[in-house]
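In the working numbering, the protein residues as written are 829 to 928.
This is the structure:
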């Protein structure tokens, strides 16, 4: 007896995802080339960086503030800060009209 209803729909979604992303899912090829396929090293480095930056002596951060700092740190090496600031300017700039 085959899957029906919600389980069948979910399975179909997963199959579609794999079919659409098969060129990016190259784990065997990467592993055979001796390259890492897990995200553990990257996640560990990020966690260490967050701890060093956000939990230094005397520092207190709100989630929104620390998130903004890390976004800017990520944009900075790629020289994308000016583009990001332009996008923010467009989003948060308002037209001000002088009252008559």
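C-beta atoms are modelled at their ideal positions from N, C-alpha and C, and glycine is treated no differently.
query: Taking 8 Å as the cut-off, decide whether the C-beta atoms of residue 882 and residue 894 are in contact.; result: yes
query: Looking at residue 854 and the ligand ZN, is the gap between the Cβ and the nearest heavy atom below 7 Å?; result: Questions concerning the ligand ZN fall outside what the structure shown contains, since it holds no ligand whatsoever.
query: For residue 882, which of helix, strand or coil comes out of DSSP?; result: helix
query: Work out the CA separation of residue 848 and residue 840 for me, nearest whole Å.; result: 12 Å
query: If you compare alpha carbons, which of 878, 885, 914 is closest to residue 891?; result: 878
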